[in-house]
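To convert, take the position in the sequence shown, counting from 1, and add 13; that gives this note's numbering.
Ideal Cβ placement from N, Cα and C applies to all residues, glycine included.
Structure first, commentary second.
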Amino acid sequence: MNESIDVHQRRGLVQGDQDSSGESQHAIEPAFSRSLQESEVLDVSPEEVPHLLDYWQVVLKRRWTVLVCLLVVFTTVAIGTLKKRPVYEGKVLLEINPEEPQVLNFREVSQEAPTVDVDSYRETQYKILRSRTLAEKVVNDLHLYQSPEFYRNRGLFGLYESDPEKIPSSDPGPPDTLTDAYRNSVTHFLASVDVNPVRRSNLVEVTFDSYSRTVAALAANKLADDYVEQNLEVKWDAAEKASQWLQGKNAEIKAKLEKAEDELQAYAQANSIVYITEKQNMATARLEELLEAYTKAQSERFEKQSLYSLVEAGKIQDLPGVLSNRLVQDLEIRLADTKREYAQVTTWVKPDYPKAQQVEKQIDALQAELDKQKKAVVDNIVDEYRSATAKEQYFAQAVDDQKREVNEIAARSIQYNILKREVDSNRQLYEGLLQRMKEAQASAGLRASNIRVVDAAEAPKYPAKPRVLLNLVLGLILGLGLGVGMAFFQEYLDKTLKTPDEVERLLRLPSLGVLPRFTPNGAGEVRRRLLRQFRLMPKCSKLFARFALRSCSPPAPCHG
Numbered sequence: 014m015n016e017s018i019d020v021h022q023r024r025g026l027v028q029g030d031q032d033s034s035g036e037s038q039h040a041i042e043p044a045f046s047r048s049l050q051e052s053e054v055l056d057v058s059p060e061e062v063p064h065l066l067d068y069w070q071v072v073l074k075r076r077w078t079v080l081v082c083l084l085v086v087f088t089t090v091a092i093g094t095l096k097k098r099p100v101y102e103g104k105v106l107l108e109i110n111p112e113e114p115q116v117l118n119f120r121e122v123s124q125e126a127p128t129v130d131v132d133s134y135r136e137t138q139y140k141i142l143r144s145r146t147l148a149e150k151v152v153n154d155l156h157l158y159q160s161p162e163f164y165r166n167r168g169l170f171g172l173y174e175s176d177p178e179k180i181p182s183s184d185p186g187p188p189d190t191l192t193d194a195y196r197n198s199v200t201h202f203l204a205s206v207d208v209n210p211v212r213r214s215n216l217v218e219v220t221f222d223s224y225s226r227t228v229a230a231l232a233a234n235k236l237a238d239d240y241v242e243q244n245l246e247v248k249w250d251a252a253e254k255a256s257q258w259l260q261g262k263n264a265e266i267k268a269k270l271e272k273a274e275d276e277l278q279a280y281a282q283a284n285s286i287v288y289i290t291e292k293q294n295m296a297t298a299r300l301e302e303l304l305e306a307y308t309k310a311q312s313e314r315f316e317k318q319s320l321y322s323l324v325e326a327g328k329i330q331d332l333p334g335v336l337s338n339r340l341v342q343d344l345e346i347r348l349a350d351t352k353r354e355y356a357q358v359t360t361w362v363k364p365d366y367p368k369a370q371q372v373e374k375q376i377d378a379l380q381a382e383l384d385k386q387k388k389a390v391v392d393n394i395v396d397e398y399r400s401a402t403a404k405e406q407y408f409a410q411a412v413d414d415q416k417r418e419v420n421e422i423a424a425r426s427i428q429y430n431i432l433k434r435e436v437d438s439n440r441q442l443y444e445g446l447l448q449r450m451k452e453a454q455a456s457a458g459l460r461a462s463n464i465r466v467v468d469a470a471e472a473p474k475y476p477a478k479p480r481v482l483l484n485l486v487l488g489l490i491l492g493l494g495l496g497v498g499m500a501f502f503q504e505y506l507d508k509t510l511k512t513p514d515e516v517e518r519l520l521r522l523p524s525l526g527v528l529p530r531f532t533p534n535g536a537g538e539v540r541r542r543l544l545r546q547f548r549l550m551p552k553c554s555k556l557f558a559r560f561a562l563r564s565c566s567p568p569a570p571c572h573g
């Protein structure tokens, strides 16, 4: 395979040297120049879409670059992972149940009792688990400020720097919270704690990372125990403070109750009020009964008045008593039949004829009886209407009298009721506070908690970090990706032509052959040999020029 040469060098070789023979030079150079000019004028076809095989060829061509990048990255990751110190993880499983403070049962007093936001409560507990106060308590209890893992500053690559402060002795004394060593130990402790809530449950995983499997389990368990203990202490303090507040408030309410009872007793004796409540209740009940009776009488009068209005309007035939009276209906039927009979008789005899007069008397008798029955119905309606009106007026007067009596009793008992309500209110408040005070005192002595340890931490057998297999796989992927990227970047920077196919694709010209590249020392000898051959064979030169011209020039259009 020939070595890579530049495009312009290839053009120079095709054109020939200036020292060539005139016939060969004039035969080859015009043809090549004309073909090159015409190829530059021609429209360039669209670039071919790269195929996946083209990318694979690039990777194969730059395989050493890919392999070097892969080897460097993978080796670096492997060395860094294997040299990293193993870290053990102690895990504690806690159950945190949301709860609502119930020192005072406010639901009995107000219906708008505040509710607990579960999400906010849980987030608060997670923050408490990672609070500095709790971390300091664990560090002090376990004397972690004595451990080199905690009191030293972390340097580059996770290594430890020497502490400028004094290193604590093996005899644990009270820690100096102002030293950098103590602050570093607390900070490192917080960095080693992780809180992971379990989804759709009240469970929380609390983990602690340490280079020692014993310290990892011990610190995780101590953190959980101190957290539960702190929660109990907070509840106890709240119950104790509530009990003290209730005691003071209860004494104040008791004094108000005694004063209100004395005022009520004095007012009742001064106004001779002994059974004012019973009298008022009886008067009120009597008024309600009268109002109910008055309402019924008024409704009854409305019904009778509607019938009475028909009577006054002369619409007796529309009265329900008339329409529903069977005797009246029979009389009307008989009267209609008799009138029809009279009309038939008078068609063939005169009205003064005995037969006609007899029928006429029957009509008069039936009409008189019918009027008598209708009058009885009308008189009954009028009597009922007048009775209903009188009854309504009676109950209206009785209601007015009873209202006056109720108002008089209420006027006399206003101040009494005010004082009595104040007494009842103070008594109810006093009894409620007394009950709550007892509950608060009882709850202060209880050790119940809504937080408990489900699973305590055990000393782990295997380290949790570093994850050797995962890091090696990631290093392999990263190295391979970096190598492929570098291969394509080198291919992008490479502007040389290396194959005849690349020359044809770039210049849009067919290649006649491949000339090997020689070193500058041997180039003159090659040229002299070529010129000697051209001088000895001028006919071959002409044929070569003609062949080059036909091969490099586009076909001429046909005319005629």
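How big is the Cα-Cα spacing for residue i and residue j?
i	j	result
R314	T297	26 Å
S205	L106	16 Å
L66	L510	19 Å
P111	K451	25 Å
L482	T512	44 Å
A264	G445	13 Å
N197	V85	36 Å
K262	N439	12 Å
I92	Y101	20 Å
I464	T146	18 Å
A472	A229	7 Å
R212	A237	20 Å
A283	A424	15 Å
D514	W77	24 Å
D250	L447	20 Å
T88	K97	14 Å
T3	K352	Outside the shown range of the chain, which is 14 to 573, sits residue 3, and nothing can be said about it.
A409	E421	19 Å
K508	N484	38 Å
E397	Q370	41 Å
K248	V466	18 Å
S182	A252	With a pLDDT of 43 at S182, under the threshold of 50, the modelled position of that residue is not reliable, and the figure given next carries that caveat. Cα to Cα, the separation comes out at about 42 Å.
D201	W258	For the record, residue 201 in the displayed sequence is His; it is not Asp. Between H201 and W258, the C-alpha separation is close to 41 Å.
A349	R399	34 Å
Y366	E316	50 Å
S160	S462	33 Å
D154	Q441	49 Å
E305	D130	52 Å
V90	C82	12 Å
N2	L487	A question about residue 2 goes unanswered here, because the residues of the chain that appear run from 14 up to 573.
F119	E108	Residue confidence is low: F119 scores 41 on pLDDT, short of 50, so the model does not pin down where it sits. No coordinate-derived value is stated.
State the start and end residues of the unbroken beta strand (DSSP E) segment that holds residue i.
i	result
T220	216 to 223
D582	The chain is shown only over 14 to 573; residue 582 falls outside these bounds and no answer can be derived.
R76	From DSSP, R76 is part of no beta strand (DSSP E) but of the alpha helix (DSSP H) over 76 to 96.
Y158	That residue, Y158, is in no beta strand (DSSP E); it is neither H nor E in DSSP.
R465	464 to 468
D207	206 to 210
L510	From DSSP, L510 is part of no beta strand (DSSP E); its letter is neither H nor E.
Take residue i and list the residues in its own chain whose beta-carbon comes closer than 7 Å to its own, dropping the five residues that flank it on each side.
i	result
A411	L303
V208	Y139, L142, R143, V217, V219
L491	V86
Y280	Q428, Y429, L432
G498	none
Y134	P111
May I ask which residues mark the beginning and end of the alpha helix (DSSP H) holding residue i?
i	result
P513	513 to 520
L482	481 to 506
D275	226 to 283
Y475	First-last for Y475: undefined, no H or E at that position.
A131	Note that residue 131 corresponds to Val in the displayed sequence, not to Ala. Start and end: 131 to 142.
To which residues of the same chain is residue i closer than 6 Å at the C-beta, ignoring the five residues directly before and after it?
i	result
Y443	I266, K267, L270
P99	P476
A273	E435, V436, N439
K404	A310
T402	R314
T308	none
My assumption, with CB atoms under 8 Å, is that residue i sits in contact with residue j. Please give the rounded CB distance.
i	j	result
G494	L80	Actually they are not in contact, since the Cβ atoms of G494 and L80 sit about 14 Å apart, beyond 8 Å.
P479	T94	5 Å
V152	D239	So it is not a contact: roughly 10 Å between Cβ atoms.
E242	V199	At roughly 19 Å, the Cβ-Cβ gap does not stay under 8 Å, so E242 and V199 are not in contact.
Can you find the residues in the same chain that come closer than 8 Å, C-beta to C-beta, to residue i, ignoring five residues on each side of it along the sequence?
i	result
E504	V71, K74, R75
Could you tell me which whole alpha helix (DSSP H) segments of length 4 or greater appear in the stretch 291 to 315? Listed in chain order, nothing qualifies, since the stretch 291 to 315 has no complete alpha helix (DSSP H) run of 4 or more residues.
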